[in-house]
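Below: one structure, written as structure tokens.
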Amino acid sequence: MTRRLLGTLFAMLTASALVGTSPAEAATTTFAGTVALSNCSGSVVKPPEASLDDPALVLSNGHCLQEGFPDPGEVIVNQPSSRTFSLLSKDGRSSLGTLKAKKLLYATMTDTDVSLYQLNTSYAKIKSAYGIAPLTLSETRPSAGIAMDVVSGYWKKIYSCDIDGFVHELHEADWVWKDSIRYTSACKTIGGTSGSPIIETSTGKVVGVNNTGNESGQRCTMNNPCEVDAAGNVTVRKGINYGEQTYQLTSCLSHSELDLTNPDCRAPKP
């Protein structure tokens, strides 16, 4: 997953944008709504149905958990957490303040690579205190060819490219992710960018979360994911990076709480 975080931390654990209006008038993506974790990137995200008075949510990767990587098949729900997040200014040059989790709402590395933290404050209170609005989670699947930005709160850097296509299955070491987003080569994401929101530039909405890339051309090993199609054919793309879609999460949330009983919820369940 490149662990998409600092190399030293990765060794320990592996030994262990806001965009506006229309495509023709797209505003410059900013760091508003993004956060830095101790080892990764993330963002304050709001499902479309959520109220501004609901508890705020932070999106990152499952492999960015402080406790280490979830096992294949493991799904973590509603676990108490006091993790902190540094909320970035619009220009990314400073931290506006520290946000604190109340619980780890959801995390897994099965089929996807995602973590969602529920904070101890609301979207409205964050807006009032810091002038920062949340990023909106898109409830629709993105399309190949769209322009996108990966906004890293950890490195305070924005990577811009297009969605090159989608991967039937992405295999990395013991983990398998489905329908992953493959970037065009312009997005040269590095360690520390894990958990960054993937923002569709034409809408400003979050369509995915950055999680991995093939670093050295190896086949299906740690930090070297491989693509596996429906027929079992394996393709290795050295230097290409990937993310996981997030639209599925919107059907599994209700007012910033987990609702895995919703028949439309297709996220992996415990």
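Residue numbers (mature numbering (1 follows the signal peptide of the UniProt record, and there is no 0)): -26 to -1, 1 to 244.
A virtual CB, placed ideally from N, CA and C, is assigned to each residue, including glycine.
query                                                                                                                      : result
Pick from SER56, VAL19, VAL49 and SER25 that is closest to SER12, judged by C-alpha positions                              : SER56
Proximal residues to THR110 (C-beta, below 6 angstroms), its chain only, five neighbours per side dropped                  : LYS20 and LYS179
PRO(-4) to ALA118 span [Cα, whole Å]                                                                                       : Here PRO(-4) scores only 41 on pLDDT, less than 50, and its place in the model should not be relied on; the value that follows carries that caveat. Their backbone Cα atoms lie some 15 angstroms apart in a straight line.
Under 8 angstroms between C-beta atoms of MET122 and ASP136                                                                : yes
SER102 (DSSP reduced to helix, strand or coil)                                                                             : helix
Straight-line gap, THR195 to VAL210 (C-alpha atoms, nearest Å)                                                             : 11 angstroms
Backbone secondary structure at TYR221 - three-state DSSP                                                                  : helix
Contact the segment 18 to 34 vs the segment 223 to 230: 3+ CB pairs below 8 angstroms                                      : yes
C-beta contact flag for GLY71 and LEU61 at 8 angstroms                                                                     : yes
The ligand ATP heavy atom lying under 7 angstroms from the CB of GLY217                                                    : The ligand ATP is not part of the structure shown, which contains no ligands of any sort.
Distance between beta carbons of GLY36 and PRO44, contact taken as under 8 angstroms                                       : 5 angstroms
Which of helix, strand or coil DSSP assigns to GLY16                                                                       : strand
Unbroken beta strand (DSSP E) run spanning LYS74, endpoints                                                                : 69 to 82
HIS37 - DSSP class collapsed to helix/strand/coil                                                                          : helix
Nearest-angstrom beta carbon gap, GLN92 and PRO171 [assumed within contact, 8 angstroms]                                   : With 8 angstroms as the limit, PRO171 and GLN92 do not qualify as a contact, their Cβ atoms being about 17 angstroms apart.
Close-in-space but distant-in-sequence residues of the same chain around THR114 (CB under 7 angstroms, 5 per side omitted) : TYR221
Per DSSP, the bridge partner or partners of ASP123                                                                         : SER134 and ILE173
According to DSSP, residues forming a beta bridge with LEU144                                                              : TRP151 and GLU201
Own chain, CB closer than 6 angstroms to VAL181, minus 5 neighbours either side, in chain order                            : SER112, PRO116, ILE172 and GLU174
Backbone secondary structure at TYR128 - three-state DSSP                                                                  : coil
ALA167 versus GLY127 - alpha carbon distance                                                                               : Reading the sequence as shown, one finds Thr at residue 167 and not Ala. For THR167 and GLY127, the distance between alpha carbons rounds to 8 angstroms.
Start-to-end residues for the beta strand (DSSP E) that takes in VAL183                                                    : 179 to 187
Between the CA atoms of THR95 and GLY187 - distance to the nearest angstrom                                                : 34 angstroms
GLY7, buried or exposed, once every other Cβ within 10 Å from all chains shown has been counted against 16                 : buried
Buried versus exposed, by CB contacts within 10 Å (16 or more), LYS74                                                      : exposed
Which residues DSSP lists as bridging SER89, in chain order                                                                : SER34 and ALA81
Counterpart residues of TYR157 in DSSP-defined beta bridges                                                                : ILE137
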